[in-house]
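Heads up: the sequence shown is residues 1 to 37, going by the numbering used here. Ideal Cβ positions, reconstructed from N, Cα and C, are used throughout, including at glycine. Each remark here refers to the structure printed beneath this line.
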Amino acid sequence: MTRASIRELVEGWRPRYLGASRKEKSQILDEFVALTG
Numbered sequence: 001m002t003r004a005s006i007r008e009l010v011e012g013w014r015p016r017y018l019g020a021s022r023k024e025k026s027q028i029l030d031e032f033v034a035l036t037g
């Protein structure tokens with residue numbers, strides 16, 4: 001995955017992450033790591 005595509009992914013997920021509870025943030029980060037490696 002390129003840096004540009006990772007940046008796009010982060011921008012898309014930012015609102016979801018910012019509005020998430022602590023537990024949801026952990027799940028979001030787990031998904032992100034699984035996708036980006």
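Residue i versus residue j: straight-line alpha-carbon distance, rounded
i: L18; j: M1; result: 23 Å
i: Q27; j: P15; result: 15 Å
i: R7; j: F32; result: 11 Å
i: R22; j: W13; result: 15 Å
i: D30; j: A20; result: 14 Å
i: R3; j: E11; result: 12 Å
Coarse secondary structure for residue i, derived from DSSP in three states
i: G12; result: helix
i: S5; result: helix
i: A20; result: coil
Any C-beta of chain D under 8 Å from that of residue i
i: G19; result: Among the protein chains of the structure shown there is no chain D, as only one such chain exists.
Residue i Cβ short of 7 Å to the ligand PLP heavy atom set
i: A20; result: Ligands in the displayed structure: none, and consequently the ligand PLP is not present.
Proximal residues to residue i (C-beta, below 8 Å), its chain only, five neighbours per side dropped
i: K25; result: Y17
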